[in-house]
Structures are given as C-alpha cells and as structure tokens.
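Student: One point on numbering: in UniProt numbering, the residue at position 128 of the sequence shown is 128, and numbering is uninterrupted.
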Amino acid sequence: MRLLLVEDDDHVAGALSAVLARHGFEVRHVRTGAEALQELLPGEAGGAGYAVVLLDLGLPDRDGFEICGRIRRTSSTPVIMVTARADVRSRIHGLNLGADDYVVKPYDMGELLARIHAVSRRTGPEDESEGTGSAPQSGSGTLRLGGVTIEPATREVSVDGVRIQLTRKEFDLLALLAQRPGVVFRREQIISEVWRTSWEGTGRTLEVHIASLRSKLRRPALIETVRGVGYRMATTAA
1 MRLLLVEDDD HVAGALSAVL ARHGFEVRHV RTGAEALQEL LPGEAGGAGY AVVLLDLGLP
61 DRDGFEICGR IRRTSSTPVI MVTARADVRS RIHGLNLGAD DYVVKPYDMG ELLARIHAVS
121 RRTGPEDESE GTGSAPQSGS GTLRLGGVTI EPATREVSVD GVRIQLTRKE FDLLALLAQR
181 PGVVFRREQI ISEVWRTSWE GTGRTLEVHI ASLRSKLRRP ALIETVRGVG YRMATTAA
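#1: Go through the UniProt domain "Response regulatory" (2-120) residue by residue and report every complete run of the alpha helix (DSSP H) that reaches 4 residues or more, in order.
#2: So for residue 186, helix, strand or coil by DSSP?
#3: So, at 6 Å on beta carbons, what are the nonlocal neighbours of residue 101 in its own chain, with the 5 sequence-adjacent residues on each side left out?
#4: Can you tell me which of the three DSSP states residue 127 falls into?
#5: With C-beta atoms as the reference, is residue 97 less than 9 Å away from residue 58?
#6: What residue range is occupied by the uninterrupted beta strand (DSSP E) comprising residue 143?
#7: In whole angstroms, what separates the C-alpha of residue 206 from that of residue 187?
#8: Can you name, in chain order, every residue of its own chain whose Cβ lies under 7 Å from the Cβ of residue 95, other than the five neighbours on each side?
#9: Across the region 154-170 and the region 82-92, are there enough close Cβ pairs to call them in contact, namely three or more that are closer than 8 Å?
#10: Count the other CB atoms, across all protein chains shown, that sit within 10 Å of the CB of residue 56; report buried if there are 16 or more and exposed otherwise.
#11: Using DSSP bridges, identify the partner residues of residue 223.
#12: Identify whether residue 167 lies in helix, strand or coil by the three-state DSSP scheme.
#13: Might you give, ordered along the chain, the residues of its own chain that have their beta carbon closer than 8 Å to the beta carbon of residue 8, omitting 5 neighbours on each side?
#14: Helix, strand or coil for residue 149 per DSSP?
So, in structure tokens, the structure goes:
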C-alpha cells in the first residue's frame, strides 16, 4: 500500500516512515502543500495511485485545511489529518472539508495503523493493482491467486478447479488477506475483523487457522508470515 506523508518536520516524518515501512507500507514523504498537490492532482506529475494521505495541518507554505479541500475537489484518495490541533472546531472543520479521519498528536502508533487500514477498506482500492502481481477481479467479486479461486458471494473456494471445504473463520481469514495481496495485515487487525474481538489471548487461534489454510490450499508459501507484525498474501502463488 502506497502512502503519501505530508509533514514538514523531518524528524517526525523519518520516525513515522520507518515504522510504516516495517508494516509493509511504501511511503513517499513531502514537506509542503505544493508538493502534496503535485503528487495528487491530475496531470503529468499527479495521479500517483496513493491509497491514503497522512496530512499535517501546520505546513510551511499553505494551511493543511486548504490542501485537504483542494485534494477532495479532484480526488477520492482518503485523507487522514494528523495534527497537534486538538480542539473540536478544528476536527469538525477538517471532516467537513472531506477528511476521512482526524488523528491528534501525540498518537498511539497502533491506533494510527488501524485508522489507515480502516479508511483504505472503506474506500476500496483504486489503482493498487499496479505491481501487485494479483489477478483481476471479475464483476461478481471473484478473487483469483495462482490457481486459488475465491467466490465471496457463495463463500466457495477452489484450488486448481477442485472445491475445498473451509470453516467459516478460515474463509473469512482467507478472503481478508486475498483482498490486498502484498499488504501486511497486523495480527490485531485480523483478530478484530475475523473474530470480532480483541487481540489478547487469541494469538494461538490465529496461528492454528493460518496453518490449516496453508495445508488445505496446498500452497504453504501463499500466506506469508511477517515476523513480529502479521501476515500477507503473496503476490505470486507458490
């Protein structure tokens, strides 16, 4: 997943970019509103296919509110305002301008990651197939990855044309990872979305379901473990 980080503080940007990179994000950092618009607005330099924009409000050339408004008039790219402005009026103003979320500094990194994933899920991928190696989806929502076919509408999965039986949680877990091949899903996020509960005490359950999926799909390398973070669907099937 490609992110555009608009932040004039190089120290803050460097630290945040490093953490995001460890969680599987590709980060492009710019320092000014003008650079952000150049990256995002239509034209030869724009349309870079970012999944989410993290936008600071205190930029050196223009106010972040203005930048958000300009982005929203021409682009549907999700915008998360990340700022020290904690007053309610600023929050309301930012959301009214079209921001998808508003995070106040200092923030918990886990919460920021969860919000990034949340807004990207709500909007859905636009041009993220570039460089993923994943097969296109059909009009019915069918997902195909190297011989594995997933039918969300009927909750059926087949491998090389042969239908396999999955439990309800196994299917939900596979469908979640298959939505975005190459994107790392954190353990906490998977547990929250598939089991609808908190992460505490459920780590072993997730590991067992991953192992079962790998066995049933007969492609152990299709679901990759990102040590210390979570799991992702490989962009090319093994």
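Cβ coordinates follow ideal geometry from the N, Cα and C atoms, glycine included.
None of these values were measured; they are calculated from a predicted model.
Tutor: According to the data block:
#1: 10-22, 33-40, 64-74, 88-96
#2: strand
#3: 80, 115, 119
#4: Reliability of the predicted coordinates at residue 127 is poor, the pLDDT of 38 falling under 50, and no value is obtained from them.
#5: no
#6: 143-145
#7: 8 Å
#8: 102
#9: no
#10: buried
#11: 233
#12: coil
#13: 31, 32, 56, 58, 59, 60
#14: strand
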